[in-house]
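Residues 42 to 186 (our numbering) are what the sequence shown spells out, left to right.
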Amino acid sequence: MISPSTLNINWLKPDIEEECWEFFNHPAKQEWYGSHAVTWERIVSRFDYGELVAYPRGESVGEIPVALSYHRYEEYQTYLARAKRGYRKNYSKMEDALQCAGSLSLKAPIILCSNRQGLLFSGYRRLCLAWNYGMIPYVWLVSLD
Numbered sequence: 042m043i044s045p046s047t048l049n050i051n052w053l054k055p056d057i058e059e060e061c062w063e064f065f066n067h068p069a070k071q072e073w074y075g076s077h078a079v080t081w082e083r084i085v086s087r088f089d090y091g092e093l094v095a096y097p098r099g100e101s102v103g104e105i106p107v108a109l110s111y112h113r114y115e116e117y118q119t120y121l122a123r124a125k126r127g128y129r130k131n132y133s134k135m136e137d138a139l140q141c142a143g144s145l146s147l148k149a150p151i152i153l154c155s156n157r158q159g160l161l162f163s164g165y166r167r168l169c170l171a172w173n174y175g176m177i178p179y180v181w182l183v184s185l186d
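Structural data, given as structure tokens:
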């Protein structure tokens, strides 16, 4: 028997301008941008053509492998559960709000796709929140091709 959850998350289209740090400053993502010739202008021009798609916990969204999604529980422990307090604090606030209210509206994580390869551009904590509560999150999937 499966125990149903009364908790839920309403996923909203994110705002790309709020995520510009991920492009200009995140060191782990620079190699992917370079290998796919991705520019900020290209991301912005294609962003509104994205779509909300389900992303069950795993290494791929549909047929697209997603780099830096850290979907395994061991990776969650490394990158979030044992992360610096400031990074973890935001996750804890979302978790507390979800438990108290029973429902949250969150901006969807963003996955960029180029040449049938994806990159988790932003939203790792939001993904983890849904995954850790047994939910299937939705992501804003942006094709750059």
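Virtual Cβ for every residue (Gly too), placed ideally from N, Cα, C.
Since the structure is predicted, the reported quantities are computational estimates derived from the model, not experimental observations.
L93: which of L170, R166, G175 and L147 sits nearest, CA to CA?
The residue you call residue 93 lines up with position 52 of the sequence shown. The option with the nearest alpha carbon to L93 is L147.
Host beta strand (DSSP E) of N49 (start-end)
In the sequence shown, the residue the question calls residue 49 occupies position 8. Residues N49 to L53.
Near F162, which residues of its chain fall below 6 Å by C-beta distance, leaving aside the five closest residues on each side in sequence?
On the sequence shown, residue 162 is found 121 positions in, with the first residue counted as 1. Hits under 6 Å: E63, I151 and L153.
Three-state secondary structure (DSSP) at A142?
Translated into positions along the sequence shown, residue 142 becomes position 101. Three-state DSSP puts A142 in a helix.
Please check the pair Y179 and A95, which I expect to be a contact at CB under 8 Å, by giving their CB distance rounded to whole angstroms.
Reading the sequence shown from its first residue, position 138 is the one you call residue 179. Reading the sequence shown from its first residue, position 54 is the one you call residue 95. Confirmed, Cβ separation roughly 6 Å.
Per-residue burial, F88 [other beta carbons within 10 Å of its own, 16 or more giving buried]
Here residue 88 refers to the residue found at position 47 when the sequence shown is read from its first residue. Classified as buried, F88 has 16 or more neighbouring CB atoms from the shown chains inside 10 Å of its CB.
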